[in-house]
Amino acid sequence: MRRVVVTGLGMVTPLGSGVEHTWSRLIAGDSGAAKVTAFATDDLACKIACSIPFGDGTDGTFNPDRVMEVKEQRKVDPFIVYAMAAADEALNDAGWHPKTDDDQYATGVLIGSGIGGIGGIYDASITLHEKGPRRVSPFFIPGRIINLASGQVSIAHGLKGPNHAVVTACSTGAHAVGDAARLIALGDADVMVAGGAESPVNRLSLAGFAACRALSTGFNEEPTRASRPYDKDRDGFVMGEGAGILVLEEYEHAKARGAKLYAEIVGYGLSGDAYHITSPSPDGDGAFRCMTAAVKRAGIDPSEIDYINAHGTSTPMGDELELKAVERLLGPAAAKASMSSTKSAIGHLLGAAGSVEAIFSVLAIRDGVLPPTLNLDNPSVQTEIDLVPHEAKRKRVDVVLSNSFGFGGTNASLVMRRV
Amino acid sequence: MSDIAERVKKIVVEHLGVEPEKVVEGANFIDDLGADSLDTVELVMAFEEEFNVEIPDDAAETIQTVGDAVKFLEKNSA
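Below is the structure:
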């Protein structure tokens, strides 16, 4: 199979617009969590979220007008706007703007989302109920369905290769990156624009995830303390939104054009728990088999892994199960490994989490810095693994593992290595 | 310009994101104002809402310019 490298990065996150702005705030230990003010939360159990800081584009704020005309934004849910912004940044970063037929045919898009345009579906349902079917917009469907992130990006940039989308709940972003890498490895494309996008910060999603008992509800007055993976006081995840997009490229293709090589995607593993619709399997076996598959594909020994970007959502059950599965994978090498959950700072971006975290993993390799696990005051379990509490840490990183697990018992792991 | 024409113009500017001076009587939504087929469906919906009329599909198909819309609405709205 052909080798696949990462040559471009782009993101919009609760810490700001753009990769460098987000990364510097992440390393500084900032949190993107805050009380929700965009809509009424008085009757919701969870009143906090990690929202995108909208603004005029200065100081890392996100100005959507820079990527989409206002009249086009009006037709789509925000996950598509975030995907457009992150894809734009990633393609600029990669310096890849295909113009010839051959280059356009060889460049595809694979952007997923966990729940896509759920906010717009909520609004249109109200319109249907109150005003009838003749008032439902012709843009309702194309502005809400998940693969339209890929569709819009392909149209904006003339990318005529494989056009695909992934929907695997909270492992969407990782599956998108892994599947896109496979398409390149197998020769279906030379370049793929891959990742996830999500815009779930609305009343319906907060009510729904709270009903699943997945959200933090005990820190409504102290939002920045709510996402606390591995800490004994954790009580659920904090919802986030945004997008993370990577430009993946066949190694020789990237080298021939002198592209910047961030990292190589060497391993990708997938598994299913076959256990429960929302709860992870109590033996952590799905996570273990997923990581094992990725490590095997990478052709490395688990002891070579320097940093693990954990799924670590801050839910009472999930964090410890993942930790145990990682300990099982690493064996005695656990003592020298570091693992952190960046969800402690940006919340849980659901379908965008895996790709945003893959980017953080790539940046850990580039800069030799481990992003911290915020709020880890009192770990609920003892482990030899360094969980990078509170503050970022310097460490040379050559090999990273990034985990993502989703509702339905779907698991994805990526292994990336310094080129 | 009539009151109806003013209201039509406002809707067209808002939905198609075009300069107000381009929204003249003879302007064709698709050829001159950059609309696609879905935009025209949405425009007709907006006219229905604003003028509280029902525009059947066969009538909607004849509304291709700003002037067509104004004429139809002058004749059919209360």
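If you're matching them up, the sequences are chains A and B in order.
Going letter by letter, the first sequence gives residues 340 to 758 in the numbering used here.
Going letter by letter, the second sequence gives residues 165 to 242 in the numbering used here.
C-beta: ideal position from N, C-alpha, C; glycine also.
Remember, predicted model here, so these are calculated numbers, not experimental data.
DSSP, reduced to helix, strand and coil, places A/VAL345 within a strand of the structure shown. Non-local beta-carbon contacts of A/VAL415 in its own chain, meaning distances under 6 angstroms to residues more than five positions away in sequence, involve GLY482 in chain order.
Taking 8 angstroms as the threshold, the shortest C-beta distance from B/GLU225 to chain A does not fall below it. Residue contact with chain A for B/LEU180: present (Cβ-Cβ distance below 8 angstroms to some residue of chain A). A straight line joining the alpha-carbon of A/SER677 with that of A/ASP441 spans about 43 angstroms. Counting along the chain, no alpha helix (DSSP H) covers A/ARG735, and no H or E run does either. Secondary structure note for A/SER452: it is in no alpha helix (DSSP H), with a DSSP letter that is neither H nor E. Put simply, the CB of A/GLU359 is far from chain B, with every gap to its CB atoms at 8 angstroms or more. Taking 8 angstroms as the cut-off, the Cβ atoms of A/GLY693 and A/VAL516 count as close. When the five nearest sequence neighbours on each side are left out, the beta carbons in the same chain lying within less than 8 angstroms of the beta carbon of A/ARG667 are those of GLY623, PHE627, in order along the chain.
The beta carbon of A/SER510 sits closer than 7 angstroms to those of GLY693, SER743, PHE744, GLY745, THR749, ASN750, ALA751, all from its chain and outside the five residues before and after it, given in chain order. Ranking A/SER356, A/GLU603, A/ALA546 by CA distance to the CA of A/ALA520 puts A/GLU603 first.
For the region 463 to 479 of chain A, the set of residues with a beta-carbon nearer than 9 angstroms to any beta-carbon of chain B comprises LYS470, ARG473, ARG474, VAL475, SER476, PRO477, PHE478, in chain order. Residue environment: B/ILE227 is assigned as buried (16 or more neighbouring CB atoms within 10 Å of its CB, all protein chains considered). Excluding five sequence positions before and after B/SER241, the CB atoms of its chain that fall closer than 8 angstroms to its own CB belong to ILE168, PHE215, ASN216, VAL217, given in chain order. Within chain A, not a single residue places a beta-carbon under 7 angstroms from that of B/GLU185; the smallest gap is close to 17 angstroms. By the Cβ neighbour-count rule, A/SER653 is buried, with 16 or more other Cβ atoms within 10 Å of its own. The DSSP-derived three-state label of B/VAL217 is coil. Secondary structure at A/GLU603: strand, using DSSP grouped into helix, strand and coil. A/LEU660 and A/ILE724 have their C-alpha atoms spaced approximately 14 angstroms apart.
In terms of beta-carbon proximity, A/VAL409 lines the interface with chain B, with at least one pair separated by less than 8 angstroms. Assigned with DSSP and collapsed to three states, A/ASP398 falls in helix. Only residues of its own chain outside the window of five on either side were considered, and among them VAL187 have a CB closer than 6 angstroms to the CB of B/LYS173, listed in chain order.
Straight through space, the alpha carbons of A/ASP572 and A/VAL665 are spaced by roughly 22 angstroms. Here the C-alpha atom of A/LYS386 lies approximately 6 angstroms from the C-alpha atom of A/LYS374. By DSSP's assignment, A/THR361 forms no beta bridge with any residue. For A/MET407, the three-state secondary structure derived from DSSP is coil. In the three-state DSSP reduction, A/GLY497 falls in the coil class, being neither helix nor strand. Secondary structure at A/GLU580: coil, using DSSP grouped into helix, strand and coil. Between the region 363 to 373 of chain A and the region 595 to 609 of chain A there are fewer than three C-beta pairs closer than 8 angstroms, too few to call the two in contact. When A/ALA595, A/TYR601, A/ASP395, A/GLY535 are compared, the shortest CA-CA separation from A/HIS503 is found for A/GLY535. When rounded, the separation of the alpha-carbon atoms in A/ALA697 and A/ALA513 is 7 angstroms. A straight line joining the alpha-carbon of A/GLY500 with that of A/LEU449 spans about 10 angstroms.
Here A/ASP570 carries a strand assignment [DSSP, helix/strand/coil].
When Cβ-Cβ separations below 8 angstroms define contact, B/VAL176 makes no contact with chain A.
The alpha carbon of A/ALA672 has as its nearest neighbour, out of A/SER642, A/ASP427, A/TYR646, A/ILE685, the alpha carbon of A/SER642.
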